[in-house]
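Residue numbers (my numbering): 4 to 235. Built from N, CA and C at the ideal position, the CB exists for glycine as well. Here's the structure we're looking at; comments come further down.
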């Protein structure tokens with residue numbers, strides 16, 4: 004569960020320059036011991052540690068430790084195989100607080116999302132699970148309000164393996180921009196499952212498995228291949 008914003012700032016370096024990776028917090032206070040330079044493989048663990056550090060800091064201030072709304076985790080990557088691009092991973096919309104969460108988390112998350120969505124330079128990737136009715140998804144409406152012309156919003160359908168058998172037709176209608184139209188349309192991806200991440204499935208293997216899944220799927224395999232997959 005995403006408990007704060009994570010900004011991944013990527014820069015493509017020149018030939019001969021060493022690749023560098025750094026994880027830190029966006030606050031002005033001294034950086035905790037967990038922050039600093041690391042290897043590519045250590046980035047995930049650094050993010051986990053710094054998330055815990057952010058939430059612990061909230062606890063010391065007597066605030067709820069379920070969500071951090073002010074500060075972000077910043078990942079700086081300089082390497083030959085990355086583009087000049089910043090990606091911001093944001094938490095999903097919260098409709099109801101669960102045990103251990105303050106009721107304010109609902110509004111806090113929405114305010115955080117809007118802070119980024121309303122920035123004119125932000126390209127909005129509105130992520131929607133395939134097994135959820137698109138008509139009930141809040142992020143599409145939030146994106147419409149922030150980007151009424153639809154010039155910077157793309158719908159991303161995920162978790163296609165969770166679609167109920169026989170329900171693929173409805174999902175295809177959404178994917179082909181017929182059900183909840185977006186100016187820039189939709190694309191469908193299949194990322195690693197929690198089990199695959201735990202088993203150490205690499206990103207390259209995940210992309211290969213994703214292509215195989217869509218190409219061999221009895222429904223999706225008959226549609227335009229350009230609508231499927233991270234690589235496409």
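| query | result |
| --- | --- |
| For residue 156 and residue 185, believed in contact at Cβ under 8 angstroms, the rounded distance | 6 angstroms |
| Contact set for residue 72: own chain, Cβ-Cβ below 6 angstroms, skip 5 residues either direction | 111 and 115 |
| Buried or exposed (CB count within 10 angstroms, at least 16 for buried), residue 229 | exposed |
| Cβ pair residue 183, residue 143 closer than 8 angstroms | yes |
| Alpha-carbon spacing of residue 29 relative to residue 77, whole angstroms | 6 angstroms |
| The beta strand (DSSP E) enclosing residue 223, as first and last residue numbers | Taken as a continuous stretch (DSSP letters only), residue 223 belongs to no beta strand (DSSP E), as it is neither H nor E. |
| For residue 217: DSSP bridge partner residues | DSSP lists no partner for residue 217. |
| Buried or exposed by the 16-neighbour rule on C-beta atoms within 10 Å, applied to residue 69 | buried |
| beta-carbon residue 9 near the ligand SAM non-hydrogen atom, thresh 7 angstroms | Summarising the ligand content, the structure contains no ligands, and the ligand SAM is consequently not present. |
| Nearest residue (CA-CA) to residue 148, options 120, 163 and 93 | 120 |
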